[in-house]
Every structure is written in C-alpha cells, then in structure tokens.
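**Q**
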Amino acid sequence: MHSRDQVQLAALLATHAPIQIRTMQQISAKGLEQYWTHSKARLDRWGRLLKDHSENIKEAPTAELPRHWNSIRPILEEILISDVLTRIWTSLCIAFDRIHRSDSAEATVRSVFIGHLEARNRALNLMVYGRGLDADMAVKLNRLRRRTERWTDMLLGYVAVATDVRNMGFDNERVQEFSRDIREQARDGSHSAGWPLLLSSALDAFRTSTIDTPAHPHLNKQITAAIMSCFGPELFDSTGVIRPLWELRISNYADDTQTMVEQLLSLESPDASLPTHLGPDTPTPRF
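Heads up, the final residue of the sequence shown is numbered 286 in numbering that gives the first Met the number 0, and it's a clean run with no missing numbers.
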C-alpha cells in the first residue's frame, strides 16, 4: 500500500467517524495495540534510513549525491503524506476519550504522533540543509509538504465540527475557517453530496505529486488495517468505502478469526495426561 492511499482513509474518518465515536462503547484495544506496534516499526525504519542518508551525503562524491537523494525520496514522501492520517486518527482518539471520559486511546496514539513529529522535523531539516539536494526535487518535496498541510487542516475542519482539535493541525485559524464552511454545507444539506468529490480530489492531489515507489507498503497496509479494525461495519456500509480499503478490513478480520479458531482447537486437542472420562464433578471448560 502506498502512503498516498492512506489519505483515502483519513478523508473517510474525518467526514464520518466524528459522529460514530459518540455512540461507540470502546475503541478496540487490539486494534490500538497493532496500530502502535506497526507504527513504531515504521518510525524506527524511518529513523535508521534518515540517519544513514545524512551520513552518506556528508562523505559522498558530488556525482553520487543524486543517487542518494533518489533513494531517500520515497521515505521523505511517506513521512509527509502519512502525517495526514496520523493527525486525523490521533484527533479522533483524543476526542473519543474526552467524550466518554476515558483514557483508553489517547496515550497510545499520542506516542505515535510525537514520534511522527520528530521524524517529520528530521525530514524537513534534511530537505533544507542536506547536501546536494537539487532544486527540482526540493521544489517538488516542498509542494508536497504544503499540500499535506493544507489537506490535514481541511480534514481536521470536519473533526472540529464535533470536537476541539487545537494543536493537531498546522494552522488553527485555517482549520476553524474550514470548519465554518463545513457547518454551512451541513445546514444547506450539501455535506453528504460533497463526499465523492472530496475523495476524488484527494486521490488526484497525491497521485500526481508523488512517485509511484512506496517506501514501506507492508507496514502502511498493517497500520491502515489496524485503524479500520477499530470501527464497526456500519461506518463503511454507510459511506460506500473504497473497495481496496474494504477488502483490507475483511482480510484483517479473517486473520483475527483464524487465530481464534486455532487457539480454540489447541485447547480441544487430546492430551494423554488427561483422564478419558470426565466425572460429574469435573468443571466444564468455558470459552
């Protein structure tokens, strides 16, 4: 999965999840655990690759610098683009805890968010001060940065209709401006009609501004699946969710079900150390 595909999920969550989190009883602990595990793995890989690149360009001959920058570009793009989903998901989990007066989600997602902030700052520092970055790539990466920031603030505008999202966006004033526009659309009844257009715009915006080589497709897929597993099917049924995302969610549930079946079968496996007959006073196992 390319990181730009995660913008689809960010748009879906921003426009539809704020209502659902008010009626949800809990956010899946397993989903949050998987999100933290896979996100931390991706953060660790980003850190190692950025460090290696920083060291390589210090000593590399000038003629080899373009090769080093071309190899790190997918990482830089992934850090910038995936920040959209990280901020939307974090804001929703914080909102859930505040609405339900719990502490089940915020600590986990905020830990990932802080790690992402650090990775983003390191990436931007490389883009500004890194030796040998040519002007054309620098311009493209900077445009991508500005695009992700604007899309993040716009999507946070949807979340801001339902809860406070200060300090989650890049420009609080811009977030509130988007939120006011969204409220007006809701009063006019054009909110739901704008969902397909929003999705199409997100896909076009990031498809044309990134290279096709994904940095960590497997981890991106696992992170997306973990987030989707935290919601019930009604969220996706009501939105006509994009088919690849729906298939990913089904696959995640299938994996969970298979694990559960294997655990149950292992409990029922015959054991020579057990008596062949259970007496009336033997407790019946409960699953």
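Backbone N, C-alpha and C define an ideal beta-carbon position, used for all residues, glycine too.
Nearest CA to the CA of alanine 204: which residue from Val160, Thr151, Arg119 and Arg173?
**A** Thr151
**Q** Under the three-state reduction of DSSP, which class applies to isoleucine 210: helix, strand or coil?
**A** In the structure shown, isoleucine 210 sits in coil (DSSP, three-state: anything other than H, G, I, E or B).
**Q** Pairing CB atoms from the stretch 204-220 with CB atoms from the stretch 69-81, are three or more of them under 8 Å?
**A** yes
**Q** Sorted by chain position, which residues of the same chain lie with C-beta nearer than 6 Å to arginine 41's C-beta, five sequence neighbours on each side aside?
**A** His215 and Leu218
**Q** How far does the alpha helix (DSSP H) with alanine 224 in it extend, from its first residue to its last?
**A** Bounds of the alpha helix (DSSP H) holding alanine 224 are 216-227.
**Q** In the DSSP assignment, find the alpha helix (DSSP H) that holds proline 17 and state where it starts and stops.
**A** 5-22
**Q** Nearest CA to the CA of methionine 23: which residue from Ala94, Thr107, Val127 and Glu172?
**A** Ala94
**Q** Our contact map puts proline 65 next to valine 158 with C-beta atoms below 8 Å; I'd like the distance itself, whole angstroms only.
**A** The pair is not a contact, with the Cβ atoms about 40 Å apart (cut-off 8 Å).
**Q** Have a look at isoleucine 226 and phenylalanine 169 and give me their C-alpha separation to the nearest angstrom.
**A** 23 Å
**Q** Express the C-alpha separation of tyrosine 128 and glutamate 58 in angstroms, rounding to a whole number.
**A** 15 Å
**Q** Pair every Cβ in the stretch 78-91 with every Cβ in the stretch 114-126, then say whether three or more of these pairs are closer than 8 Å.
**A** yes
**Q** Check whether the stretch 172-179 and the stretch 24-41 touch, using three or more Cβ-Cβ pairs below 8 Å as the test.
**A** no
**Q** Straight-line CA distance for histidine 1 to proline 60?
**A** 32 Å
**Q** Classify valine 164 as buried or exposed, calling it buried when 16 or more other Cβ atoms lie within 10 Å of its own Cβ.
**A** buried
**Q** So valine 83 and valine 6 are supposed to be a Cβ contact under 8 Å. How far apart are they, rounded?
**A** Contact check for valine 83 and valine 6: beta-carbon distance about 5 Å, within the 8 Å limit, so the pair qualifies.
**Q** Which term fits glutamine 25, buried or exposed, when burial requires 16 or more other beta carbons within 10 angstroms of its beta carbon?
**A** exposed
**Q** Please tell me whether tryptophan 88 and leucine 12 are closer than 8 Å, where the distance is taken between their beta carbons.
**A** yes
**Q** Going by DSSP, what residue range makes up the alpha helix (DSSP H) through aspartate 135?
**A** 134-159
**Q** Spatial neighbours of aspartate 4 within its chain, please: C-beta separation below 6 Å, excluding the five flanking residues on both sides.
**A** none
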